[in-house]
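Reviewing the structure listed below.
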Amino acid sequence: MSLVPHLSATFLAAILLSASLPAASAEEPAQTPAVTATATAQPHRLVIQMNKRDEEFQDHVLSNIVNLQKHYGMDDIEMEVVAYGPGIWLVTDKSKFIKRVESLMLQNVTFTACGNTLDTVEASSGTRPTLIDGIEETQTGIVRIITLQEEGWSYLSP
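Numbers 124 to 281, taken from my numbering, label the letters of the sequence shown in order.
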């Protein structure tokens, strides 16, 4: 008995509240901002750490780069692989992946070698590793990664 007046008051409140809301029209689509692939003014930028000599790992990273290019499109992602420590061998003439690295460089992927690592290898072996043509060199690989992050690049340490 007291439940009926309560339901009636609740029902009346719901009707009054809904009457104050704007009516949705089939002719007027919802006003949500459009999100498009061209919404960003600059391409995605990703710096990738390469610090392992393991060939399976290196293969995985190179495959990830191709997958990212497919996902974002060649013009919407810029990538730089910074090789240091044991990962330096990816970008030398001893690499199993020379052709893939060269191909990716032709597709605007930058590969950068750590000069400190090259110096260390030379000091211990007496021979400085020969880099694949087109590989850039920076004095300190870690500093290069930090610098790119400070410039807004995303960081991937696979």
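The beta carbon of each residue, even a glycine, is placed where N, CA and C say it ideally should be.
These numbers were taken from a predicted model, which means no experiment stands behind them.
For GLN230, write down the residues that DSSP places opposite it in a beta bridge. In the sequence shown, counting from the first residue as 1, residue 230 sits at position 107. Paired residue(s): none; GLN230 is not in a bridge.
Practice task
Hey, could you find the ends of the beta strand (DSSP E) SER277 is sitting in?
Solution key: Here residue 277 is taken as the residue at index 154 of the sequence shown, counted from 1. From DSSP, the beta strand (DSSP E) with SER277 extends over 277-279.
- Item | Start and end residues, beta strand (DSSP E) containing GLU68 | Nothing about residue 68 can be read from this structure; the chain reaches only from 124 to 281.
In the DSSP assignment, the beta strand (DSSP E) including VAL205 goes from what residue to what residue?
The residue you call residue 205 lines up with position 82 of the sequence shown. Residues 200-206.
Would a C-beta distance cut-off of 8 Å place CYS237 and THR261 closer than the cut-off?
Start at 1 with the first residue of the sequence shown, and residue 237 comes out as number 114. Start at 1 with the first residue of the sequence shown, and residue 261 comes out as number 138. Yes, these two residues count as a Cβ contact at 8 Å.
- Task: Under the assumption that ASN231 contacts GLU201 (Cβ atoms under 8 Å), give the Cβ distance between them as a whole number of angstroms.
- Result: By 1-based counting over the sequence shown, the position of residue 231 is 108. By 1-based counting over the sequence shown, the position of residue 201 is 78. So it is a contact: roughly 7 Å between Cβ atoms.
Exposed or buried, ALA160, counting other C-beta atoms within 10 Å across all chains shown (16 or more means buried)? As a first step, residue 160 must be located in the sequence shown, where it is residue number 37. Annotation note: pLDDT 47 at ALA160 (below 50); position unreliable, coordinate value reported separately. Exposed, since its Cβ has fewer than 16 Cβ neighbours within 10 Å.
Quiz prompt | Outcome for GLY264 when other beta-carbon atoms lying within 10 angstroms are tallied against a minimum of 16 | solution = For the purposes of this step, residue 264 is taken as residue 141 along the sequence shown, with counting starting at 1. The residue is buried, with at least 16 neighbouring Cβ atoms inside 10 Å.
Requested in this report: Can you tell me which of the three DSSP states GLN165 falls into?
Outcome: As a first step, residue 165 is located in the sequence shown; it is residue number 42 there, counting from the start. Here GLN165 sits in coil by DSSP.
Is ILE188 helix, strand or coil by DSSP? As a position in the sequence shown, residue 188 is number 65, starting the count at 1. Here ILE188 sits in helix by DSSP.
_Quick check: what's the CA-CA separation for GLY208 versus PHE220?_
One-based indexing of the sequence shown puts residue 208 at position 85. One-based indexing of the sequence shown puts residue 220 at position 97. Their backbone Cα atoms lie some 17 Å apart in a straight line.
Problem - Inter-residue Cα distance where the pair is PRO166 and ILE188 - result: In the sequence shown, counting from the first residue as 1, residue 166 sits at position 43. In the sequence shown, counting from the first residue as 1, residue 188 sits at position 65. Each residue's Cα considered, the two are about 15 Å apart.
*State yes or no: is the C-beta of ILE211 within less than 8 Å of the C-beta of THR233?*
Numbered from its first residue, the sequence shown carries residue 211 at position 88. Numbered from its first residue, the sequence shown carries residue 233 at position 110. Result no, Cβ atoms of ILE211 and THR233 do not sit closer than 8 Å.
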